[in-house]
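Have a look at the structure below before the remarks.
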Amino acid sequence: MPSLPVLVLNSGSSSIKFSVYDAAGGARTKRLEGAADGIGTNQGKFWIRNGNGEKTADKSPDLPSRVEAFALIAEALNSGDFPIPAAVGHRMVCGGPTVQHNQRITPELIDKMERYVAFAPLHTPIAVYIMRETLKLFPDVPNFVCLDTYFHRTIPEVASHLPIPGEYSAMGVRRYGFHGISYESIIYQLGDEVPERLVVAHLGNGASISAIRNGACIDTSMGLTPTGGIISATRTGDIDPGVLLFILREIAKSTSDANAAADKLETVASKRAGLLGMSALSNDMRNLREAIAQGNTKARLAVDKFVWTIQKWIGSYFAELGGLDMLVFTGGIGENDIATRAEVCSSLGALGIRLDMERNNIRGEGIISAEDSRVVVRVVPPAEDLMILNHVVRMLTTS
Ligand code: AMP
Numbered sequence: 137m138p139s140l141p142v143l144v145l146n147s148g149s150s151s152i153k154f155s156v157y158d159a160a161g162g163a164r165t166k167r168l169e170g171a172a173d174g175i176g177t178n179q180g181k182f183w184i185r186n187g188n189g190e191k192t193a194d195k196s197p198d199l200p201s202r203v204e205a206f207a208l209i210a211e212a213l214n215s216g217d218f219p220i221p222a223a224v225g226h227r228m229v230c231g232g233p234t235v236q237h238n239q240r241i242t243p244e245l246i247d248k249m250e251r252y253v254a255f256a257p258l259h260t261p262i263a264v265y266i267m268r269e270t271l272k273l274f275p276d277v278p279n280f281v282c283l284d285t286y287f288h289r290t291i292p293e294v295a296s297h298l299p300i301p302g303e304y305s306a307m308g309v310r311r312y313g314f315h316g317i318s319y320e321s322i323i324y325q326l327g328d329e330v331p332e333r334l335v336v337a338h339l340g341n342g343a344s345i346s347a348i349r350n351g352a353c354i355d356t357s358m359g360l361t362p363t364g365g366i367i368s369a370t371r372t373g374d375i376d377p378g379v380l381l382f383i384l385r386e387i388a389k390s391t392s393d394a395n396a397a398a399d400k401l402e403t404v405a406s407k408r409a410g411l412l413g414m415s416a417l418s419n420d421m422r423n424l425r426e427a428i429a430q431g432n433t434k435a436r437l438a439v440d441k442f443v444w445t446i447q448k449w450i451g452s453y454f455a456e457l458g459g460l461d462m463l464v465f466t467g468g469i470g471e472n473d474i475a476t477r478a479e480v481c482s483s484l485g486a487l488g489i490r491l492d493m494e495r496n497n498i499r500g501e502g503i504i505s506a507e508d509s510r511v512v513v514r515v516v517p518p519a520e521d522l523m524i525l526n527h528v529v530r531m532l533t534t535s
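First residue of the sequence shown? That's 137 in our numbering, and the numbers climb one at a time after it.
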């Protein structure tokens with residue numbers, strides 16, 4: 137059978153991950169995966185693993201910008217060691233109000249999505265750069281965009297519309313929601329076990345929670361940008377607008393340039409806040425847990441705040457869904473931080489959530505609720521690349 141190599145590109149704010157699958161005849165065989173990580177630093181990492189999990193490249197290059205990071209990936213993909221892809225799938229966090237569906241990428245589509253860079257300022261610049269470079273690298277290969285916002289298209293207007301003057305709503309300012317490809321992949325993996333009333337907590341470097349009825353999203357915590365919702369590693373989450381105005385006025389004391397002031401405010405709200413801002417120590421849960429064990433009270437308060445916001449969202453979703461059948465934890469913290477799962481569930485007994493502490497003692501896939509828990513609680517790692525691959529194969533065969 138001829139092979140059908142599909143390249144999946146998944147860029148974050150400081151990393152580009154890539155993988156090649158063979159999707160011939162319904163197969164989903166991973167041929168290679170790799171990443172350029174630590175973009176914007178001189179402590180970058182670049183690695184590739186083949187389909188057997190063996191490392192075939194492992195370097196620590198300077199990666200001052202996305203240009204050097206993608207050049208390394210392009211060189212590897214073009215080296216002749218790997219097949220030229222039959223199609224490429226790109227993850228895109230937000231394409232703005234006019235690009236809401238997964239589709240084939242054209243230069244015009246990239247321009248259209250780039251206009252809404254303000255809706256995902258940490259993610260859009262790198263994603264559109266990679267799309268343009270990939271079109272140049274493989275000019276005859278169809279490229280497709282898969283949007284994180286796509287899963288949230290079913291959210292009712294009462295949840296997505298914002299209480300702002302109509303002129304701003306008309307510019308596309310509304311709640312979009314993110315991490316959609318991760319949520320889709322959880323639904324895909326649960327298959328027949330998707331219950332009527334489901335809450336998924338995607339707790340990673342960015343964190344969000346969604347309420348899902350019969351597999352369709354009805355509410356999600358992130359809003360216009362990934363800075364909204366629950367607090368996360370370096371982002372405030374939802375916050376009284378007066379706080380932002382206060383900080384803006386402080387910034388304005390030392391700059392008269394409104395755009396520069398807005399950029400500074402964005403840095404405060406999305407890069408210096410959240411777990412990092414509160415702990416004044418780290419954005420990584422592993423470091424915070426270590427500090428807590430040594431009695432660090434700021435780290436303790438930061439993690440308590442994180443847990444508290446998650447509990448509040450789960451409580452409000454319980455009301456919105458009219459009860460709860462299943463709670464899923466996913467993302468780097470959701471999969472690996474046993475203590476966060478225990479702390480989140482500790483005060484949710486009234487909702488019918490009871491963990492089995494021994495079952496909870498896992499990293500990765502498993503059911504962690506007690507036998508008599510009314511709500512099934514489980515851990516399901518996300519499979520975003522597989523989901524992008526599924527979308528690409530479908531669009532390739534129907535386009
Ligand atoms: P993600 O964005 O989903 O890749 O998640 C990355 C985050 O997961 C890291 O910044 C840590 O906060 C957290 N994390 C990863 N591994 C662990 C671990 N073993 N224990 C606790 N937290 C972890």
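Glycine included, each C-beta is placed from N, C-alpha and C at the ideal position.
Residue burial classification, residue i (beta-carbon count within 10 angstroms, cutoff 16)
i    : result
V515 : buried
V156 : buried
S483 : exposed
R477 : buried
F274 : buried
E520 : buried
M421 : buried
A163 : exposed
L491 : buried
R130 : Missing from the structure shown is residue 130; the chain here goes from 137 to 535 and no further.
S196 : exposed
E190 : exposed
I450 : buried
Y319 : buried
Residue i - partner residues in DSSP beta bridges
i    : result
K272 : Paired residue(s): none; K272 is not in a bridge.
F154 : L145 and G170
N186 : L168
R240 : F280
F465 : A337 and V515
C353 : I348
I503 : R514
L245 : Answer by DSSP bridge pairing: none, since L245 is not bridged.
L199 : T177
Three-state class that DSSP yields for residue i in the structure shown
i    : result
P292 : coil
G255 : The question names Gly, but residue 255 is Phe in the sequence shown. The answer is helix: DSSP assigns F255 an H, G or I state.
L460 : coil
R425 : helix
V330 : coil
M358 : coil
K448 : helix
K181 : strand
S344 : strand
G232 : coil
S215 : coil
G470 : helix
G365 : coil
S482 : helix
L491 : strand
L208 : helix
S509 : coil
R477 : helix
Y312 : coil
I300 : coil
A138 : In the sequence under discussion, the amino acid at residue 138 is Pro, which differs from the Ala named in the question. Here P138 sits in coil by DSSP.
S418 : coil
Host beta strand (DSSP E) of residue i (start-end)
i    : result
G308 : Element bounds for G308: n/a, residue is neither H nor E.
C282 : N279 to L283
Terminal residues of the alpha helix (DSSP H) in which residue i lies
i    : result
D194 : Counting along the chain, D194 falls outside any alpha helix (DSSP H), though it belongs to the beta strand (DSSP E) covering K191 to K195.
S415 : G410 to S415
G225 : Not the alpha helix (DSSP H): G225 falls in the beta strand (DSSP E), residues A223 to M228.
A163 : Segment: none, A163 is in no alpha helix (DSSP H) and carries neither H nor E.
G378 : P377 to A388
I524 : E520 to T534
N432 : No alpha helix (DSSP H) holds N432; DSSP gives it neither H nor E.
S406 : A394 to K407
Environment of ligand 1 in chain order, Cβ to heavy atom below 5 Å: With 5 Å as the limit between CB and the heavy atoms of ligand 1, the residues that fall short of it are G340, N341, D420, M421, R422, G467, G468, I469, N472 and D473.
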